[in-house]
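Protein chains in written order, with this note's numbering: chain A, 1 to 208; chain B, 209 to 416.
Yeah, the Cβ is synthetic: ideal placement off N, Cα and C, and Gly gets one too.
Note that the structure is predicted; figures quoted are calculated from it, not measured.
Protein chains: 2
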Amino acid sequence: MNQILRIVLIEDDDIIRMGYQSLLNDVDDFNVVNAYASYDLAKKHLETDNPDVILLDIQMPGTNGLQALPIIKKALPSTNIIILTVFDSPELVFEALTMGAGGYLTKNSSAAKIIDAVREVSTGGGAMSTNVARIVMHSFQKNLNSPLTKRETEILDRIANGQTKPQIANDLFIDQETVRSHVKNIYIKLDVNSKADAIKTAKEKRFI
Amino acid sequence: MNQILRIVLIEDDDIIRMGYQSLLNDVDDFNVVNAYASYDLAKKHLETDNPDVILLDIQMPGTNGLQALPIIKKALPSTNIIILTVFDSPELVFEALTMGAGGYLTKNSSAAKIIDAVREVSTGGGAMSTNVARIVMHSFQKNLNSPLTKRETEILDRIANGQTKPQIANDLFIDQETVRSHVKNIYIKLDVNSKADAIKTAKEKRFI
DNA sequence: ATGCTATCCCCCAGAAAGGGGGATATTTTT
DNA sequence: AAAAATATCCCCCTTTCTGGGGGATAGCAT
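Here is the structure:
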């Protein structure tokens, strides 16, 4: 499977775009089939370009990269898209990943990293620069000093998944009153007095 | 800040452990202060070892790596831990990340990748091998073909965060009856008839 | 031995949920 | 321009759930 990878660039800065183009074209099995200064310019050609991988900037005139991402993904579901941008705020990163980006690189990435990333996402993999990996990993980390006990956490987790107290009681083979007891303690510990506030507080503090 | 990085290895395979030890000790600013065949052997020495980074295997006799992870994190909060294992199932990866791992590498990682990872996590960053990045990124991707409208998704999302219909109505400046209408349609589209089932189905299908 | 945890019990009023049945205006799609 | 989808609002109703108050008890860990 040493096939030529068809690549499309969408990047508004002429210098950067041409730089990436020559960088990627120098790789034996890469072929930059087209390079556009915006998504609006690219959209009518993407079907025929039929790229395996698109390198997509976020900031550009007209439809921006994050807006374009789901549109492209729907039109060309098998195309893998790498966001290539100077921005690395958590909001942008999560937005891009939920919308189907296969990679997220910041523009300080080395040539080798970019080439690796293209190869990686072309097989359905994931690629991100270290600063992005940092953001993503931090989003997973739970607070290890939660005031909630195991049981309380278990119950709050189920509440956050929409289960009612009777349902929880049933699932855990305990009485509704026991669930109620735990919930009371959860509310005291989190200093709240409603389901919504408990979930909100617990998520903010990463207890669940 | 060109300080020597103090490193501890916890890995039960003698050959592999010694291999990593010599690999890392060959790096100028790295110092493998100790290497143990299990966490149970390591635990009484970790405080004095005072490592900046720990490379931690999952599979080992006695307390395994994932069990040890939160314990170490609590005892040495400023120590950054990299999981180094042959396993890369989503469950293990998520477990490790939520428990505070700063990196997750599989053992097919190159020497350069491992060295990079140690450096990266020592500054609080994140490091993962490409197969792990793949798992993590896929966990973020939403289904772009949700049957739910924007408004319905917004409302279901709020329900999943514990808000009641009156609260949602208030936040969105619409009538409770409107919220009710949307919820009815959500239930029909998802073929459910309760909050819990709606959340469950929507999460499974990645609509929210 | 004291505290924390998990379990269960009762009272109560008010709130919320979910199943029906609609209507209407605005958008979007065709 | 017509048809479909969406977002908004209205009424009926019963059942279920919630949260606040007051407890008790057995086991486990420090």
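Cβ distance (whole Å) where residue 117 of chain A is taken to contact residue 82 of chain A below 8 Å: The C-beta separation of residue 117 of chain A from residue 82 of chain A comes to about 6 Å, placing the pair in contact by the 8 Å criterion.
Taking 7 Å as the cut-off, is the CB of residue 199 of chain A close to at least one heavy atom of the ligand PLP? No copy of the ligand PLP occurs in the structure displayed, which carries no ligand at all.
Residues of chain A with CB closer than 8 Å to the CB of residue 367 of chain B, please, in chain order. Those within 8 Å of residue 367 of chain B in chain A are 162.
Assuming contact is defined by CB atoms lying nearer than 8 Å, are residue 368 of chain B and residue 416 of chain B in contact in what I supplied? Going by C-beta atoms, residue 368 of chain B is nearer than 8 Å to residue 416 of chain B.
Quick check on the DSSP output: the beta strand (DSSP E) that includes residue 85 of chain A runs from which residue to which? Judged by DSSP secondary structure, residue 85 of chain A falls within the beta strand (DSSP E) whose first and last residues are 80 to 85.
For the putative contact between residue 85 of chain A and residue 334 of chain B, defined by C-beta atoms under 8 Å, what is the C-beta separation to the nearest angstrom? Residue 85 of chain A to residue 334 of chain B, Cβ: 18 Å. No contact.
Please classify residue 238 of chain B: does DSSP put it in a helix, a strand, or coil? DSSP places residue 238 of chain B in strand when its eight states are reduced to three.
Got a sec: which bits of the stretch 49 to 83 of chain A sit with their beta carbon under 9 Å from any beta carbon on chain B, in order along the chain? Those residues of the stretch 49 to 83 of chain A that come within reach of chain B (Cβ to Cβ, closer than 9 Å) are 70, 73, 74 and 77.
If we count Cβ pairs, one from each stretch, closer than 8 Å, do we get three or more for the stretch 167 to 186 of chain A versus the stretch 146 to 156 of chain A? They touch, by the three-pair rule.
Just to confirm, are residue 212 of chain B and residue 239 of chain B a CB contact at a threshold of 8 Å? Between residue 212 of chain B and residue 239 of chain B, the CB-CB gap stays under 8 Å.
What residues in the stretch 332 to 345 of chain B have a beta carbon less than 9 Å from any beta carbon of chain A? Answer set for the stretch 332 to 345 of chain B: 332, 333, 334, 335, 336, 338, 339, 340, 341, 342, 343, 344 and 345.
With distances taken Cα to Cα, identify the nearest neighbour of residue 11 of chain A among A/28, A/27, A/50 and A/68. It is A/68 whose Cα lies nearest to the Cα of residue 11 of chain A.
So with CB distances below 8 Å, who are the chain B contacts of residue 106 of chain A? Listed along the chain, the chain B residues whose CB falls inside 8 Å of the CB of residue 106 of chain A amount to none; the nearest CB is some 13 Å away.
Nearest to residue 72 of chain A by alpha carbon, out of A/43, A/48 and A/92? Ranking the options by Cα distance to residue 72 of chain A, first place goes to A/43.
Find out if the Cβ-Cβ distance for the pair residue 245 of chain B, residue 225 of chain B is shorter than 8 Å. Cβ distance < 8 Å, so residue 245 of chain B and residue 225 of chain B count as in contact.
I'd like to know whether the C-beta of residue 198 of chain A is nearer than 8 Å to at least one C-beta of chain B. Answer yes: the Cβ-Cβ gap between residue 198 of chain A and chain B drops below 8 Å somewhere.
In chain order, what are the residue ranges of uninterrupted beta strand (DSSP E) at least 3 long that sit wholly in the stretch 75 to 134 of chain A? The stretch 75 to 134 of chain A contains these whole beta strand (DSSP E) runs: 80 to 85 and 103 to 106.
DSSP three-state call for residue 416 of chain B: helix, strand or coil? If DSSP states are grouped into helix, strand and coil, residue 416 of chain B belongs with coil.
Shorter than 8 Å from the beta carbon of residue 152 of chain A to some beta carbon of chain B? So no, residue 152 of chain A is outside the interface.
Going by the CB atoms, is the gap between residue 284 of chain B and residue 305 of chain B shorter than 8 Å? 8 Å or more divides the Cβ of residue 305 of chain B from the Cβ of residue 284 of chain B.
Beta-carbon neighbours of residue 144 of chain A, restricted to chain B and to distances below 9 Å: Correct list: 278, 281, 282, 285, 307 and 308.
How far does the beta strand (DSSP E) with residue 155 of chain A in it reach, from first residue to last? Where residue 155 of chain A is concerned, there is no enclosing beta strand (DSSP E), although the alpha helix (DSSP H) it sits in stretches over 150 to 160.
Does any residue of chain B have a CB that is nearer than 8 Å to the CB of residue 91 of chain A? Closer than 8 Å: no.
Mind listing the chain B neighbours of residue 205 of chain A? Cutoff is C-beta to C-beta under 8 Å, in chain order. For residue 205 of chain A, there are no C-beta contacts with chain B under 8 Å, since the nearest C-beta of that chain is about 14 Å from it.
Please report the straight-line C-alpha distance between residue 259 of chain B and residue 228 of chain B, rounded to a whole angstrom. Taking the straight line from one Cα to the other gives about 16 Å.
Minimum length 3: unbroken beta strand (DSSP E) runs contained in the stretch 217 to 285 of chain B: For the stretch 217 to 285 of chain B, whole beta strand (DSSP E) runs of length 3 or above, ordered along the chain, are 238 to 244 and 261 to 264.
Could you confirm whether any beta carbon from chain B is found closer than 8 Å to the beta carbon of residue 173 of chain A? No - not a single Cβ of chain B is within 8 Å of the one on residue 173 of chain A.
Per DSSP, what kind of secondary structure is residue 215 of chain B in: helix, strand or coil? DSSP places residue 215 of chain B in strand when its eight states are reduced to three.
Got a sec: is the Cβ-Cβ distance from residue 195 of chain A to anything in chain B below 8 Å? Interface criterion met: the Cβ of residue 195 of chain A is under 8 Å from a Cβ in chain B.
Could you check the C-alpha separation between residue 203 of chain A and residue 25 of chain A for me, to the nearest Å? Rounded to the nearest angstrom, the two C-alpha atoms are 46 Å apart.
If we ignore side chains and look at the alpha-carbon of each, how far apart do residue 54 of chain A and residue 347 of chain B end up? Going by the C-alpha atoms only, they are around 21 Å apart.
Using a cut-off of 9 Å between C-beta atoms, extract the partners of residue 94 of chain A located in chain B. Listed along chain B, the residues sitting closer than 9 Å to residue 94 of chain A by beta-carbon distance are 348.
Under the three-state reduction of DSSP, which class applies to residue 352 of chain B: helix, strand or coil? If DSSP states are grouped into helix, strand and coil, residue 352 of chain B belongs with coil.
Hey, could you find the ends of the alpha helix (DSSP H) residue 393 of chain B is sitting in? For residue 393 of chain B, the enclosing alpha helix (DSSP H) has its first and last residue at 384 to 398.
Over what stretch of residues does the alpha helix (DSSP H) that includes residue 167 of chain A continue unbroken? Residue 167 of chain A -> alpha helix (DSSP H) spans 165 to 172.
Can you find a CB in chain A that lies within less than 8 Å of the CB of residue 328 of chain B? So yes, residue 328 of chain B belongs to the interface.
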